[in-house]
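Only one structure is covered here, and it is reproduced in the block below.
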Amino acid sequence: MFIPEERHLKESFIARFMARWHFKSFEELIKAAFSYPDWFYSEMAKQLDLTFFTPYEKIEDLSQGWHYPKYFTNASFNIAYDAVVKKALANGEKLAIIAEKENSTVETLTYQQFYREIQKAATVLVNLDISLGDRVAIYLPMIKEAPVFLLALAYIGAVAVPVFSGYGVEAVRERVTLSGAKLLITADGFSRRGQEVSLLKTALEAVKDLNTAILTVSNFNTQKLPYSREKLYWYNDLKEKFTQEVSLADTKTEDPLLIIYTSGTTGKPKGTLHTHIGFPVKNAIDMLFAFDIGPQDRVFWITDLGWMMGPWLIYGTLLIGGTVILYEGSPDYPNRTRLWELIEKHQITVLGLSPTLIRHLMTFPDAEPANFNLKSLRILGSTGEPWTEEAWQWFFAKVGKGKLPIINYSGGTEISGGILASYPIHPIPPCAFTGVLPGINADVVDEKGKPVRNRVGELVIKGPWNGITRGFFKEPERFEKTYFSRFGQDLWAHGDWAKIDENGYWYILGRSDDTIKVAGKRLGPAEVENIVNALPEIAESAAFGVPHPIKGEVLVVVAVPSKKDIAKEELIQKIKNQIATKLSKALSPEDVLIIKALPKTRNGKILRRLIRESYLGDVNSDTSSLENPSALKEISKERRE
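In this text, residue positions in the sequence shown follow our numbering: the first is 3, and each later residue adds one.
In structure tokens:
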């Protein structure tokens, strides 16, 4: 368990904020933040030194109902000014971006240089006929041009549509088509585990019969690739051709900034729509209170621009005035200590990752960080999925040396960040969240929508917050159905199983749509996986339910062993016995498969729905976000055998 030290209790942002406003506990702060939104968001605007070029009319406007709130209404406001321009003018020599490629090449941008690059990119975009409100897809790896274009689009009032750099043709095409993007920004390619990933080739195929232009950054190759197509442009050429600077767009607080599509494992992707005052400000609020991030910090999160945490990392860190660390490649390549090398080399202070990465690394003795100086680290973070206790303890002991808080962070793209977090001023048990984030009014309820404690229920939100998605792009009915059909208009159903224990700690136990129901008994997948993963022979696992003619549904476990030379049948029986002992004989799995790897997205999410479909021999969901689609074939093969 993490126990806060004096510095956390006195010097952290949340501690200083509470002392200033005389809050005796962080629970008092959380209640005040959602009870008095005008006070809270006014204070946040002051803290972040937001610039409103014209006065706002209302801090919070609920005239269209709390599902569609507006903040700092009708004020002229552009996030690019506050995140970059203002910093460049005040402290231009400070580093804004440090970007490392997989081949160890490092590129840096001070705030002043970053501002100049944004102006150049904005000029090129305007000359490609991109203007206020136009959608532009960004299909880039985590290279320095990713934040440049993200902020340049904001600068001219266009709408960024980040696309995961691991997507294939169909997934890219779908997002370009759904958003109506006029332009697709990409790179010729990038390096992933020593192999070239040809983004341009994918991009060309994705838009081959669309009217979408392509703007290409030379990243992997020194020479332009020999592709020809109408409306195919090379960024370096246009930077030299167009030099007339463009002005900052006169955007309003609630003008669209960003459309982030969810991964699309259920039906077509949902385009969450975000505004200048919404997404970035929520990012920064969470960074301040939960992660204690300040201007002195160097923040690194292992993610991609196409996942929410990519823009979150960039907008939030820049708005606070810190330094963003980007890494193009795989965090365990060319060796399993690459992540620790990055921390030591760049003096990273805040590190965020997914529990899956730790579960992977901890199975290899040569992945331990013992030979690296990680003293720069102050804060550890995690998101994307629940922890297992063994992995949490490894991260806490090996990386945090038993001294650093692990800020567990859970929310979503449609939230603009977190619902729940841990706080450095509070003891943090393994795998737990210490509470709700400021501005959010959350609870755990039963199937009738009534609050429950010390038992599993549905995570809900009971009112507005500034980061709420302003609906799904061109799909208002789907937005309402997704979040407000389960419990009615007063409760946002987030789709997570959660529990608040007798000590007030919160736990996320998996997606409620991944629920396993055996003979009327409900199981969250994390409950089963924690038990299986506690076995020393197991590296990681996934649990899911499949139809059964008598029980309705039965439990199936797919597990990855921690060593190659295992007696498969003995291990299967051991897993069954472990679950029967820890849970119930009635909940013992009907089937256990031992495989080499679980199917995952590149940011480490285990896609249980795809695993289930593969097991049942009927894969219908989108597989384009998978890093290792071959794992699905292995599941099908093991099932047949």
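Beta carbons are placed, not taken as given, at the ideal position from N, Cα and C, and that holds for glycine.
Just so you know, these numbers come straight off a predicted model, no measurement behind them.
C-alpha gap between residue i and residue j, whole angstroms
{"i": "L155", "j": "L127", "result": "8 Å"}
{"i": "A536", "j": "V594", "result": "16 Å"}
{"i": "E346", "j": "K377", "result": "8 Å"}
{"i": "H137", "j": "I574", "result": "The sequence given here places Arg at residue 137; His does not occur at that position. About 51 Å."}
{"i": "S78", "j": "G159", "result": "12 Å"}
{"i": "K72", "j": "I81", "result": "16 Å"}
{"i": "I32", "j": "A17", "result": "13 Å"}
{"i": "T625", "j": "L600", "result": "13 Å"}
{"i": "S106", "j": "L359", "result": "21 Å"}
{"i": "L180", "j": "E531", "result": "36 Å"}
{"i": "R118", "j": "E29", "result": "43 Å"}
{"i": "Y335", "j": "R195", "result": "6 Å"}
{"i": "L142", "j": "Y113", "result": "21 Å"}
{"i": "M3", "j": "L341", "result": "24 Å"}
{"i": "S627", "j": "I421", "result": "24 Å"}
{"i": "P538", "j": "S564", "result": "7 Å"}
{"i": "I442", "j": "W467", "result": "6 Å"}
{"i": "Y411", "j": "F293", "result": "10 Å"}
{"i": "F166", "j": "Y329", "result": "15 Å"}
{"i": "Q121", "j": "L153", "result": "10 Å"}
{"i": "K553", "j": "K12", "result": "55 Å"}
{"i": "Q246", "j": "L130", "result": "13 Å"}
{"i": "R610", "j": "A544", "result": "7 Å"}
{"i": "L490", "j": "R480", "result": "Before going further, note that residue 490 is Gly rather than Leu in the sequence given. When rounded, the distance between both Cα atoms is 14 Å."}
{"i": "S65", "j": "F244", "result": "44 Å"}
{"i": "I533", "j": "E460", "result": "22 Å"}
{"i": "A139", "j": "V352", "result": "29 Å"}
{"i": "D84", "j": "V559", "result": "49 Å"}
Simplified DSSP assignment, three categories, for residue i
{"i": "W199", "result": "For the record, residue 199 in the displayed sequence is Val; it is not Trp. Looking at V199 - three-state DSSP - the assignment turns out to be strand."}
{"i": "I597", "result": "coil"}
{"i": "L359", "result": "helix"}
{"i": "P453", "result": "strand"}
{"i": "N622", "result": "coil"}
{"i": "P6", "result": "coil"}
{"i": "E72", "result": "For clarity, residue 72 is Lys in the given sequence; the question names Glu instead. Strand, per DSSP."}
{"i": "F281", "result": "helix"}
{"i": "R18", "result": "helix"}
{"i": "Y229", "result": "coil"}
{"i": "D445", "result": "strand"}
{"i": "E30", "result": "helix"}
{"i": "L180", "result": "helix"}
{"i": "P258", "result": "strand"}
{"i": "S65", "result": "coil"}
{"i": "T268", "result": "Model confidence at T268 stands at a pLDDT of 47, short of 50, so the residue's coordinates are unreliable; what they give is reported in the following sentence. The answer is coil: DSSP assigns T268 none of H, G, I, E or B."}
{"i": "A251", "result": "coil"}
{"i": "A98", "result": "strand"}
Range of the contiguous alpha helix (DSSP H) that encloses residue i
{"i": "N238", "result": "Y237 to K243"}
{"i": "P649", "result": "Because the chain here runs from 3 to 643, residue 649 falls outside it and cannot be looked at."}
{"i": "N392", "result": "According to the sequence provided, residue 392 is Glu. The question's Asn does not apply to it. Looking at the DSSP string, the run of the alpha helix (DSSP H) that includes E392 is E391 to W396."}
{"i": "A189", "result": "A189 -> not in any alpha helix (DSSP H); beta strand (DSSP E) instead, spanning L185 to A189."}
{"i": "S44", "result": "P39 to Q49"}
{"i": "A77", "result": "Where A77 is concerned, there is no enclosing alpha helix (DSSP H), given that its DSSP letter is neither H nor E."}
{"i": "R385", "result": "Contrary to the premise, residue 385 reads as Thr rather than Arg in this sequence. No alpha helix (DSSP H) holds T385; DSSP gives it neither H nor E."}
{"i": "A582", "result": "K570 to K584"}
Where residue i falls, given that 16 or more other Cβ within 10 Å makes a residue buried
{"i": "K48", "result": "exposed"}
{"i": "I1", "result": "Here the chain covers residues 3 to 643 and nothing more, so residue 1 does not appear."}
{"i": "T319", "result": "buried"}
{"i": "P164", "result": "buried"}
{"i": "S424", "result": "buried"}
{"i": "D448", "result": "exposed"}
{"i": "N285", "result": "buried"}
{"i": "Q580", "result": "buried"}
{"i": "L439", "result": "buried"}
{"i": "T583", "result": "exposed"}
{"i": "G506", "result": "exposed"}
{"i": "A500", "result": "buried"}
{"i": "G67", "result": "exposed"}
{"i": "R9", "result": "exposed"}
Enclosing beta strand (DSSP E) for residue i [first to last residue]
{"i": "H276", "result": "G273 to T277"}
{"i": "T319", "result": "Segment M311 to I322 is the alpha helix (DSSP H) holding T319; no beta strand (DSSP E) there."}
{"i": "R300", "result": "R300 to W303"}
{"i": "F192", "result": "F192 to R194"}
{"i": "I421", "result": "G419 to A423"}
{"i": "T112", "result": "V108 to T112"}
What runs of the beta strand (DSSP E), each 3 residues or longer, lie entirely inside the segment 462-550?
Counting only runs of 3 or more, we get 494-502, 508-513, 518-520, 523-525 and 540-550.
Inside the segment 130-177 only - beta strand (DSSP E) runs reaching at least 3 residues
Assignment of beta strand (DSSP E) within the segment 130-177, counting only whole runs of 3 or more residues, yields 137-141 and 161-164 in chain order.
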